[in-house]
Amino acid sequence: MKQSRYFIPTLKENPADAQIPSHQLMVRSGMVRQLGSGIFSFLPLGQIVLKKVIDILREEQDAIGGQEFLLPALNPIEIWEKTGRVEAMGDVMFHLKNREGVVLAPTHEEIITYHAAQHISSYKDMPQMWYQVQTKFRNEARPKSGVLRGRQFIMKDAYSLDNSWEGLDKSYEKQFHAYKKIFDRCGIKFFVVGASSGAMGGRQSQEYMVESDSGEDICAVCDVCGYAANIEIASSKTPPVGRKDENPEIEKFATPTAKTIDELVEQYNLNVNRCAKSVVYTVKDVPILILMRGNDELNETKLEAILGTNEFRPSTEDELLEFTGANGGSIGPVGLKKKIRIIADNLLQGANALVSGANENGYHLKNIDMDRDTDVTEFYDLRTTKVGDPCPVCGVPLRVVKAIEIGHIFKLGTKYSSALGANFLDKDGKQQPIIMGSYGIGVERIVACYIEQNHDEKGIIWKGPLAPYQIHILGIGNTKSEPVDKLCNGFYKALKDSGYEVLYDDRDETAGVKFNDADLIGIPLQIIVGKKNLENGQVEFKYRQTLDREIVGIDEVLEIVKIFFK
RNA sequence: CGGGGCGUAGCGCAGCCCGGUUAGCGCACCUGGUUUGGGACCAGGGGGCCGCAGGUUCGAAUCCUGCCGCCCCGACCA
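Residues in the first sequence are numbered from 1 upward in steps of one, following this note's numbering.
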């Protein structure tokens, strides 16, 4: 492609509303333009990169037996009502104003299941792996970070249909490895975490994560053994509080000025690990007291899994008084005003010598023995894993990092097939719901994450198969010098004929403009053709990744190019 | 949805408090000339419903009210 007629509107300055590097560089390099909040147009250069990502996705999905579909974005709402997801999705789902009964699809489990129900009738019809690359619509409350969170985005979504749970395991395994291959091929550094399956339903799910300060997820990561988990479910080998030998009777003491655990610890010189903190939640109008170590934080996702509902909230001050007899800061497991359900964190099981609120404002109890003084029998992992907690697998301190989710795989099970009547007859002639999996990758996120990981102060650094072009020929003074233009055109044709993807900057621009644009766009190899070198029968190679340059004889060019891309 | 910030030429911004010539600067763009290996220089030029609507005033980019849009933090999030 010759740049003089190619639409690549580069920008010298950062757009005011772009905060993160990938967003700034995608706009500056002329890959995208913003049309509205969370809505982006892909310009020719961006579209080429998208296509390269999608090519990889298709190859790897086809390689595991995937069959490509194209499902509509416009969906009858009826189907979504059958699975209860109109309500579950809430405002995230776009509804149309001038056409009742139609919505814009935020994902496609329902539609896939609908077609499966139509035509999959025997165990012999499975397994199936169906996928598509298609635009999703989600009415995000707050789009942000450029294309990382948009209201409209391209997703590669895949769905497996199996006639047994073992079959699902196999299908899931295939996608698990395909996903690794995809991200490896794209040149993205990632890690895989166990995740909560959230509103998707299902049994097992894993997320493919890219560590980034721009990420919206938080993960606990072990650099030694490779353990990684979304903080929603991450655990650790933190030792339990345990027992002290001395076990005196409970004693009440006045703590008039200690409202928080920190104040308590400081004023009375206590071990924070032996301060049991009480958090009271109201679950569908019923109170529950959650007991944790003082410096630990309750993990609401874990709580949700234990309670089996997400209909809970921290109790109000009035409720606290009613349930416990005290305000927040003075609540504990002993001497509650009303008998309420208590669940405690695993670390407190069997512990003694604990300090906790006395359920009387301004007083705490010490020497509490969980076994002797409470009738708590429910112990769960309730705490949020923290930096430095010992890895649950190998015990070394965990890191806690922010991350961007670029892929997510789920064992759905029969949630959708049951709801939509997608059944098959098994070997015994018995009707069974199809066992499903679902697998998603955000296409724009791959591009943005790649750039997040591969850029410098000059611009993007393309180095793998995602590069929009492989070679960037810069004609320096080509519009004034016929020999320069002639040589550039010669290289352009020869390299293209040899199968390389070549961009030729033949614009009537000064050298500085071309150098800066080339570094910004970031094509891996620049071949700089200028008058001075040409007089010596030479051109300059510049490697975008290292910024190294070398002077090369004209007749060596093809050979060196070949070596570079080998 | 709560909190904060911002809307002035294609892009980045000043002007607004304290109302008053023809709304300004840099980049980009057009013409001519000089330049030509790291975002050139000189001269000339084009481009604005100052986000929208209403109000106050002799007079509004500037003050007041309402609305819309965009960004950030939070809530939410397959």
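Beta carbons: idealized from backbone N, C-alpha and C, even for Gly.
Span of the beta strand (DSSP E), counted from its first residue to its last, around residue i
| i | result |
| --- | --- |
| G395 | Premise fails: G395 is in no beta strand (DSSP E) and is neither H nor E. |
| Q432 | 431–433 |
| S278 | 276–283 |
| P76 | 74–76 |
| M31 | No beta strand (DSSP E) holds M31; DSSP gives it neither H nor E. |
| D345 | 341–345 |
| Q204 | 204–211 |
| K542 | 538–543 |
| T301 | No beta strand (DSSP E) contains T301, which is instead part of the alpha helix (DSSP H) from 300–307. |
| V502 | 502–505 |
| N423 | 423–425 |
Of the residues the options, the one placed nearest residue i, counting alpha carbons only
| i | options | result |
| --- | --- | --- |
| G357 | L148, I290, N478 | I290 |
| E501 | F565, V539, L487, A351 | F565 |
| V86 | I261, V103, I154, Q206 | V103 |
| G413 | A258, G242, H108, E166 | E166 |
| D223 | I39, P397, Y159, Y504 | P397 |
| G350 | T135, N423, D485, D245 | D245 |
| S533 | R33, A494, L487 | Sequence inspection shows Asn at residue 533; the Ser mentioned does not correspond to that position. Considering only alpha carbons, the answer is L487. |
| P314 | L168, G328, H119 | G328 |
| N271 | N295, A258, E535, T324 | N295 |
| Y172 | G437, A220, T546, R507 | G437 |
| G84 | Y416, I154, G187, L348 | Y416 |
| T377 | L50, N247, Y363, D345 | D345 |
| G512 | Q545, N163, N489, G477 | G477 |
| C391 | C219, I288, H408 | C219 |
| I288 | I343, R243, L264 | I343 |
| K531 | S37, F153, T479, K52 | T479 |
| A276 | G308, Y268, I261 | I261 |
| Y469 | P483, R544, D485 | R544 |
| V192 | V557, F515, I409 | I409 |
| L382 | A494, I560, A73, L307 | L307 |
Beta-carbon contacts of residue i that lie in its chain and below 8 Å, excluding the five residues immediately before and after
| i | result |
| --- | --- |
| V334 | I250, S356, A358, N359, L365, I368, D373, T374 |
| E567 | Residue 567 falls outside the range modelled here, since the chain spans only 1 to 566, and no answer is possible. |
| L57 | V133, K156, I182, I441, V443 |
| E110 | N75, I79, W80, K82, T83, R85, Y416, L420 |
| L35 | S41 |
| V241 | N273, R274, R293, L347, L348, A351, L354 |
Cβ shell of residue i (< 7 Å), same chain only, five flanking positions each side left out
| i | result |
| --- | --- |
| A199 | Caution applies to A199, whose pLDDT of 49 falls short of 50 and renders its modelled position unreliable; the model cannot decide the point. |
| F190 | F183, Y208, M209, V210, I406 |
| N361 | A326, N327, S330 |
| G537 | G553, I554 |
| P248 | N367 |
| H95 | V103 |
| I560 | F541, V552 |
Own chain residues within Cβ distance below 6 Å of residue i, not counting five before or after
| i | result |
| --- | --- |
| G30 | I8, P9, T10, L43, L45 |
Where residue i falls, given that 16 or more other Cβ within 10 Å makes a residue buried
| i | result |
| --- | --- |
| A16 | exposed |
| N75 | buried |
| K252 | exposed |
| R274 | buried |
| R99 | exposed |
| A254 | exposed |
| V427 | For the record, residue 427 in the displayed sequence is Lys; it is not Val. That one is exposed. |
| G332 | buried |
| Q526 | buried |
| E13 | exposed |
| L70 | exposed |
| A234 | buried |
| P143 | buried |
| T384 | buried |
| K124 | exposed |
Span of the alpha helix (DSSP H), counted from its first residue to its last, around residue i
| i | result |
| --- | --- |
| F491 | 482–497 |
| V513 | 511–521 |
| H23 | 21–28 |
| Y416 | 415–420 |
| Q3 | It is not in any alpha helix (DSSP H) - Q3 carries neither H nor E in the DSSP assignment. |
| E110 | 109–119 |
| G222 | As written in the sequence, residue 222 is Cys, which differs from the Gly given in the question. No alpha helix (DSSP H) contains C222, which DSSP labels as neither H nor E. |
beta-carbon residue i near the ligand FMN non-hydrogen atom, thresh 7 Å
| i | result |
| --- | --- |
| I528 | What this structure holds is no ligand at all, so the ligand FMN is not there to describe. |
* Asked: Should the region 450–460 be called in touch with the region 507–527, which here means at least 3 C-beta pairs below 8 Å?
  -> Contact between the region 450–460 and the region 507–527 is present, because at least three Cβ pairs lie under 8 Å.
* Do the region 438–455 and the region 172–186 meet, that is, are 3 or more Cβ pairs less than 8 Å apart? -> yes
* Taking contact to mean at least 3 C-beta pairs separated by less than 8 Å, is the region 401–421 in contact with the region 270–290? -> no
* Contact between the region 19–37 and the region 137–148: three or more CB pairs below 8 Å? -> By the criterion of at least three beta-carbon pairs nearer than 8 Å, the region 19–37 is in contact with the region 137–148.
* Just checking, does the region 117–133 make contact with the region 157–165 on the three C-beta pairs under 8 Å criterion? -> The region 117–133 makes contact with the region 157–165; the number of CB pairs closer than 8 Å reaches 3 or more.
* To do: Determine, using beta-carbon pairs with one atom in the region 467–475 and one in the region 498–515, whether at least three such pairs fall under 8 Å.
  => yes
* **Inter-stretch contact at 8 Å, needing at least 3 Cβ pairs: the region 54–72 / the region 544–561** => no
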